[in-house]
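Visitor: To convert, note that position 277 of the sequence shown is 277 in my numbering; the numbers rise steadily by one, no gaps.
Using N, Cα and C, we set each Cβ at its ideal position, and we do this for glycine too.
Just so we're clear, the structure is a prediction, and the values are computed from it rather than from any experiment.
First the structure, then my questions, so here it is.
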Amino acid sequence: MSSSREHSKVVIIGGGVSGLTLATFLHKSGVPCIVLERRERAYVEVRQRAGVVEARGVRMFEQWGLADKLLGGPVAQTIDYRVNGNSRIFEMGVDDGTQGRFCTQQMLVNNLLRELIDVMAGDVRFGVADIALRNDKDSRPQVTYADAGGSHVIDCEHVVGCDGNLGVSRASIPDGVLHTTTHEFGYAWLAALVEAPVTGHPIMAVSDHGFAAQLPRGPHRSRYYLQCTLGDRIEDWPDERLWDEIRLRMGDAAIGIAQVHDKDIIALRSVVHAPMQYGNLFLAGDAAHLVPPTGAKGMNLALHDVDVLARALVRAAVDGDRSMLDAYSDTCLPHVWKYQEFSAWMTDTMHDAGDPALHGEFRQAIARARLDTLFESPLAGRLHIEFQRGMV
Ligand SMILES: Cc1cc2nc3c(=O)[nH]c(=O)nc-3n(C[C@H](O)[C@H](O)[C@H](O)COP(=O)(O)OP(=O)(O)OC[C@H]3O[C@@H](n4cnc5c(N)ncnc54)[C@H](O)[C@@H]3O)c2cc1C
């Protein structure tokens, strides 16, 4: 076993969508960085989650000259909002040219890996263990880790924590520095990836039996989401029950059975850790905040963070000007809270609209009224579209 010591301008902890996007932007700008990822590449390449890069994210990738290399084609500009099977198609088309693009998180991550590693010869180290960081006020940061070859030290100027909600970066910040705001919605989603495409429009359904959605995940697959209780386990949802509930909640007895690839249960919560920086450590993506998935904003919010941070790191590296870095958290947090508000609005509108114990009758009437407003008021409709596009 050996040990090594080296230097890099930036060390990024976590090679998910935020870490890889940031590293790609930095490489493109000539700022050296090293990405440390605890999983093997094969694992990172197959992890599924989000499905769409919103219009704001598309514009961001265009500005970095990467949109056509990384993203797929335009997404459906419609959503089928249903209440107890009665569907209305909400049109999201706008005439300013930028549309959201279809791009599953898995596809974006794979395209980033190809661009960063194969094209730019970026330094991404997979399967590393025992990552620890030193981020004292008076000295330069240092990151240590271990791999099969031994133990390693990287001295650097900035560390970026892109290691998700349970990573080591945020945990390294001393107690009392961060203020955490949390809201638990009190229910969960059963998420099922199925071998069946969305044949009409993407669906978001309010129903007496709980929320359901069908969203595209490529030409042959879609993801169904069903509201369930926090105590539910995967074993409580055999395929037969899954399809019965989908038909019931979508109000469509004709939905056929398809192969179910995987099922997961996810508690819905909002979390914001502030500030998003401490000394020379900067938090981005799920390491800094979680949004409930109803608004489809988690990955998109992570992309916003790393866009702001990449520009700030480039400015600091090229001009020695730290002002954008110092303002990173203050720049990002208002955007984070707008996305939290939109995600909470979507979540509150779509769930619990049937259970009498949870004021279901009232909640369903409120859901109808909110959707009526979207369809009847051009002003409200336009605001909803701008939130969906990430342009608010
Ligand atoms: C069911 C579901 C559906 C979703 N749908 C959408 C959607 O439709 N639209 C949307 O925008 N968002 C969606 N999201 C949210 C989105 O997936 C996340 O917000 C996004 O993955 C955040 O990216 P990240 O890079 O910050 O974190 P991650 O993608 O979690 O990446 C973190 C990386 O850090 C690594 N890591 C962790 N700990 C360490 C460590 N100690 N050392 C080194 N590496 C470490 C992990 O292995 C991982 O590779 C959804 C999420 C879920 C759960």
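1. Measuring alpha carbon to alpha carbon, tell me which of C33, H158, V128 and I131 ends up nearest I117.
2. For A213, is the classification buried or exposed, using 16 other Cβ atoms within 10 angstroms of its Cβ as the cut-off for buried?
3. Does K263 come out as helix, strand or coil in the three-state DSSP assignment?
4. Within the present structure, is the beta-carbon of I234 separated from the nearest heavy atom of ligand 2 by less than 6 Å?
5. Below 6 Å, is the gap between the Cβ of V143 and the nearest heavy atom of ligand 1?
6. Cα-Cα, which of W64, H304 and D326 is closest to Y278?
7. Compare the C-beta of D236 against all C-beta atoms of chain B and say whether one is closer than 7 Å.
8. Once you ignore the five residues that flank D64 on each side, which residues in its own chain have a CB closer than 7 Å to its CB?
9. Relative to ligand 1, is the shortest distance from any of its heavy atoms to the C-beta of I173 smaller than 6 Å?
10. Check whether the Cβ of C393 lies closer than 6 Å to any heavy atom of ligand 1, and answer yes or no.
11. For F401, is the classification buried or exposed, using 16 other Cβ atoms within 10 angstroms of its Cβ as the cut-off for buried?
12. Is DSSP giving E195 helix, strand or coil here?
13. Could you tell me whether the Cβ atoms of I13 and A23 are closer together than 7 Å?
14. Going by DSSP, what residues sit across from R101 in a beta bridge?
15. Measure the alpha-carbon distance for L113 versus L20 and round it to whole angstroms.
16. Say the cut is 6 Å; is the CB of I131 nearer than that to a heavy atom of ligand 1?
17. For S3, count the other beta carbons within 10 Å of its own beta carbon; 16 or more makes it buried, fewer makes it exposed. Which is it?
18. Per DSSP, what kind of secondary structure is C156 in: helix, strand or coil?
19. Please report the straight-line C-alpha distance between G167 and L281, rounded to a whole angstrom.
20. Between N165, N111, M60 and W243, which lies nearest to A254 when the distance is taken from Cα to Cα?
21. Does F126 come out as helix, strand or coil in the three-state DSSP assignment?
22. By a C-beta neighbour count over all protein chains shown, 10 Å radius and 16 as the cutoff for buried, is L71 buried or exposed?
23. Using the beta-carbon count (16 or more within 10 Å), is D286 buried or exposed?
24. For D147, tell me which candidate among D136, A344 and A132 has the shortest Cα-Cα distance.
25. Cβ of A312 versus every heavy atom of ligand 1: is any distance shorter than 6 Å?
26. Would V336 pass as a contact of V271 if the rule is Cβ separation under 7 Å?
27. For C228, which beta-bridge partners are listed by DSSP?
28. Leaving aside the five residues before and after D264 along the sequence, list all residues of the same chain whose C-beta is less than 6 Å from its C-beta, in chain order.
29. Three Cβ pairs or more, each shorter than 8 Å: is that satisfied between the segment 73-88 and the segment 203-213?
30. Let me make sure I understand the geometry here. Which of P216, H384 and P197 has the alpha-carbon closest to that of F342?
31. Does the Cβ of L283 have 16 or more other Cβ atoms within 10 Å, making it buried, or fewer, making it exposed?
32. Can you check DSSP and say which residues form a bridge with R5?
33. Quick one: give me the first and last residue of the beta strand (DSSP E) that S87 is part of.
34. Compare the Cα-Cα distances from V58 to each of L226, G73, P293 and T347 and report the closest residue.
35. I want to check one thing, is the minimum distance from the CB of N300 to the heavy atoms of ligand 1 below 6 Å?
Guide: So, to answer that:
1. Taking the first residue of the sequence shown as 1, we reach residue 117 at position 117. When only C-alpha atoms are compared, the closest one is C33.
2. Counted from its first residue, the sequence shown places residue 213 at position 213. By the 10 Å Cβ count, A213 comes out buried.
3. Translated into the one-based positions of the sequence shown, residue 263 becomes position 263. K263 falls in the strand class under three-state DSSP.
4. Here the bound small molecules are ligand 1; ligand 2 is not part of this structure.
5. For this step, residue 143 is matched to residue 143 along the sequence shown. No; taking the cut-off as 6 Å, the Cβ of V143 has no heavy atom of ligand 1 nearer than that.
6. Indexing the sequence shown from 1 puts residue 278 at position 278. With distances taken between CA atoms, Y278 lies nearest to D326 out of W64, H304 and D326.
7. The chain inventory of the structure shown lacks chain B, comprising one protein chain alone.
8. By 1-based counting over the sequence shown, the position of residue 64 is 64. Contrary to the premise, residue 64 reads as Trp rather than Asp in this sequence. Hits under 7 Å: F25 and K28.
9. Here the question's residue 173 lines up with position 173 in the sequence shown. Checking the Cβ of I173 against ligand 1 gives no.
10. The question about residue 393 has no answer here: the residues shown for the chain are numbered 1 through 392.
11. No information on residue 401 is available, as it lies outside the stretch 1 to 392 that the chain covers here.
12. As a position in the sequence shown, residue 195 is number 195, starting the count at 1. Coil at E195, not helix or strand.
13. Along the sequence shown, one-based indexing puts residue 13 at 13. Along the sequence shown, one-based indexing puts residue 23 at 23. Against a cut-off of 7 Å, the Cβ pair of A23 and I13 comes out as no contact.
14. Working through the sequence shown from its first residue, we reach residue 101 at position 101. Note: R101 sits in a beta bridge opposite V53 and P74.
15. In the sequence shown, the residue the question calls residue 113 occupies position 113. In the sequence shown, the residue the question calls residue 20 occupies position 20. Whole-angstrom Cα-Cα distance: 7 Å.
16. Numbered from its first residue, the sequence shown carries residue 131 at position 131. Short note on I131: C-beta closer than 6 Å to some heavy atom of ligand 1.
17. As a first step, residue 3 must be located in the sequence shown, where it is residue number 3. Label assigned to S3: exposed.
18. For this step, residue 156 is matched to residue 156 along the sequence shown. In the structure shown, C156 sits in a strand (DSSP, three-state: E or B).
19. Counting from 1 along the sequence shown, the entry for residue 167 is found at position 167. Counting from 1 along the sequence shown, the entry for residue 281 is found at position 281. So the alpha carbons of these two residues sit roughly 13 Å apart.
20. Within the sequence shown, residue 254 is the residue found at index 254, counting from 1. That would be W243, whose Cα lies nearest to the Cα of A254.
21. As a working note, residue 126 is residue 126 in the sequence shown. In the structure shown, F126 sits in coil (DSSP, three-state: anything other than H, G, I, E or B).
22. Here residue 71 is taken as the residue at index 71 of the sequence shown, counted from 1. With 16 or more other Cβ atoms within 10 Å, it is buried.
23. Residue mapping note: residue 286 aligns to position 286 of the sequence shown, counting from 1. With 16 or more other Cβ atoms within 10 Å, it is buried.
24. The residue given as residue 147 occupies position 147 in the sequence shown. That would be A132, whose Cα lies nearest to the Cα of D147.
25. Working through the sequence shown from its first residue, we reach residue 312 at position 312. For ligand 1, not one heavy atom lies less than 6 Å from the Cβ of A312.
26. Position 336 of the sequence shown, counting from 1, holds the residue named residue 336. Position 271 of the sequence shown, counting from 1, holds the residue named residue 271. Cβ distance not < 7 Å, so V336 and V271 don't count as in contact.
27. Taking the first residue of the sequence shown as 1, we reach residue 228 at position 228. DSSP lists A188 as partners of C228.
28. The residue labelled residue 264 in the question sits at position 264 within the sequence shown. Counting only Cβ-Cβ distances below 6 Å, and skipping sequence neighbours, we find A191.
29. yes
30. Within the sequence shown, numbered from 1, the residue matching residue 342 stands at position 342. For the residues P216, H384 and P197, the minimum Cα distance to F342 belongs to H384.
31. In the sequence shown, residue 283 corresponds to position 283, counting from 1. L283 comes out buried.
32. The sequence position of residue 5 within the sequence shown is 5, counting from 1. R5 is bridged to V153.
33. Along the sequence shown, read from residue 1 onward, the residue named residue 87 stands at position 87. Unbroken beta strand (DSSP E) run through S87: N86 to E91.
34. By 1-based counting over the sequence shown, the position of residue 58 is 58. Out of L226, G73, P293 and T347, G73 has the C-alpha closest to the C-alpha of V58.
35. By one-based count along the sequence shown, residue 300 stands at place 300. Within 6 Å of the C-beta of N300 there is at least one heavy atom belonging to ligand 1.
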